[in-house]
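Sequence lines, in order, name chains A and B. Our numbering numbers the first residue of the first sequence as 14 and each following residue consecutively. Our numbering numbers the first residue of the second sequence as 11 and each following residue consecutively. A virtual CB, placed ideally from N, CA and C, is assigned to each residue, including glycine. The structure presented is a predicted model; accordingly, all values stated were derived computationally and were not measured. Quick notes on the structure that follows.
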Amino acid sequence: DQQVKQNSPSLSVQEGRISILNCDYTNSMFDYFLWYKKYPAEGPTFLISISSIKDKNEDGRFTVFLNKSAKHLSLHIVPSQPGDSAVYFCAASRKAAGNKLTFGGGTRVLVKP
Amino acid sequence: DGGITQSPKYLFRKEGQNVTLSCEQNLNHDAMYWYRQDPGQGLRLIYYSQIVNDFQKGDIAEGYSVSREKKESFPLTVTSAQKNPTAFYLCASSPSGDMGYGYTFGSGTRLTVV
Chain A
14 DQQVKQNSPS LSVQEGRISI LNCDYTNSMF DYFLWYKKYP AEGPTFLISI SSIKDKNEDG
74 RFTVFLNKSA KHLSLHIVPS QPGDSAVYFC AASRKAAGNK LTFGGGTRVL VKP
Chain B
11 DGGITQSPKY LFRKEGQNVT LSCEQNLNHD AMYWYRQDPG QGLRLIYYSQ IVNDFQKGDI
71 AEGYSVSREK KESFPLTVTS AQKNPTAFYL CASSPSGDMG YGYTFGSGTR LTVV
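In structure tokens form, the structure reads like this:
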């Protein structure tokens, strides 16, 4: 049972435009949602997170939106830069389950100059 | 500089061999985790430990074993019982009780069966 899903395996966007990455989840008990960025042959790095009690969190060019009724979150990157080209993973956690992270399958983003 | 060190970066295993992947952290984090990534897929949890001398199975623990004798170290052994061990293995750590910032990951070990 895949509790966190990223239905778009890839995304191509022009430099300077907005990148929108989507993520759906099935478990309404998740407490936190996080986005990680990963380059090939490296470990993921934390990007931004949002608590389940909020609907928006912003950090510089990155904004995460949470729609609990739809069990959906999205990451907006504005403006997109070539260095943003990477795989982005959505993840979710439950404090009651030991804060283990459950990851989506990832979305590969390519930002074209 | 604090961080997580995984070694080796590349590892080759013969059929029927056990191999151990090293993971060391100097972040003073209580919790440590092992994930596996297969090509084109997300990360799946193998084992995790929230405190020294204690660990729990994740979603795909079969064929793997771990130990947590020290806070800094969480080695993963891939046994011969693991039928498809070729993958990219990632170790992570986190402070207990704080999920706002998630995990710190190591740079990974790529294991190949030859």
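Whole angstroms is fine: what's the gap from residue i's alpha carbon to residue j's?
| i | j | result |
| --- | --- | --- |
| Gln60/B | Leu88/A | 29 Å |
| Val77/A | Gly119/A | 16 Å |
| Ala91/B | Asp97/A | 39 Å |
| Leu100/B | Pro126/A | 31 Å |
| Ser106/B | Ser83/B | 16 Å |
| Asn3/B | Asp68/A | Past the edges of chain B, shown from 11 to 124, lies residue 3/B, and the structure says nothing about it. |
| Val62/B | Cys33/B | 14 Å |
| Leu20/A | Asn35/A | Rather than Leu, the amino acid found at residue 20/A in this sequence is Asn. Between Asn20/A and Asn35/A, the C-alpha separation is close to 7 Å. |
| Gln94/A | Val26/A | 9 Å |
| Phe98/B | Arg30/A | 32 Å |
| Ser65/A | Gly26/B | 45 Å |
| Ile90/A | Leu123/A | 12 Å |
Do residue i and residue j have their C-beta atoms within less than 7 Å of each other?
| i | j | result |
| --- | --- | --- |
| Tyr43/B | Tyr58/B | yes |
| Lys50/A | Tyr101/A | yes |
| Leu55/B | Lys108/A | no |
| Arg78/B | Phe65/B | yes |
| Asp72/A | Ile61/A | yes |
| Asp116/A | Leu21/B | Note on identity: in this sequence residue 116/A is Phe, with Asp being the wrong assignment. No. Outside cutoff. |
| Val123/B | Val29/B | no |
Please list, in chain order, the chain B residues whose beta carbon lies closer than 8 Å to that of residue i.
| i | result |
| --- | --- |
| Gly80/A | One detail in the question is off: residue 80/A reads as Asn in this sequence, not Gly. Those do not exist, as Asn80/A stays about 20 Å from chain B at its closest Cβ, beyond 8 Å. |
Identify the continuous beta strand (DSSP E) that holds residue i and give its terminal residues.
| i | result |
| --- | --- |
| His89/A | 85-90 |
| Val122/A | 120-125 |
| Asn35/A | 32-38 |
| Gln16/B | 14-17 |
| Lys67/A | Counting along the chain, Lys67/A falls outside any beta strand (DSSP E), and DSSP gives it neither H nor E. |
| Ala104/A | 99-106 |
| Leu37/B | From DSSP, Leu37/B is part of no beta strand (DSSP E); its letter is neither H nor E. |
| Asn80/A | 75-80 |
| Val137/B | Past the edges of chain B, shown from 11 to 124, lies residue 137/B, and the structure says nothing about it. |
Mind listing the chain A neighbours of residue i? Cutoff is C-beta to C-beta under 8 Å, in chain order.
| i | result |
| --- | --- |
| Leu100/B | Gly56, Pro57 |
| Tyr58/B | Gly111, Lys113 |
| Gly12/B | Chain A residues near Gly12/B: none, gap ~14 Å exceeds 8 Å. |
List, in order along the chain, the chain A residues whose C-beta lies closer than 9 Å to that of residue i?
| i | result |
| --- | --- |
| Phe115/B | Tyr49, Lys51, Glu55, Gly56, Pro57, Thr58, Phe59 |
So with CB distances below 7 Å, who are the chain A contacts of residue i?
| i | result |
| --- | --- |
| Gly73/B | The premise fails here: Gly73/B is roughly 19 Å from chain A at the closest Cβ pair, so nothing lies under 7 Å. |
| Gln51/B | Gly118 |
| Ser17/B | Ordered by position in chain A, no residue passes the 7 Å Cβ test against Ser17/B, which lies about 13 Å from the chain. |
| Ser32/B | By Cβ distance, chain A contributes nothing, its closest Cβ being about 14 Å from Ser32/B, past 7 Å. |
Under 9 Å Cβ-Cβ, which residues of chain B neighbour residue i?
| i | result |
| --- | --- |
| Phe147/A | The question about residue 147/A has no answer, for chain A in this structure spans 14 to 126. |
Please determine if the stretch 113-122 of chain B and the stretch 47-63 of chain A are in contact, where contact requires at least 3 C-beta pairs separated by less than 8 Å. yes
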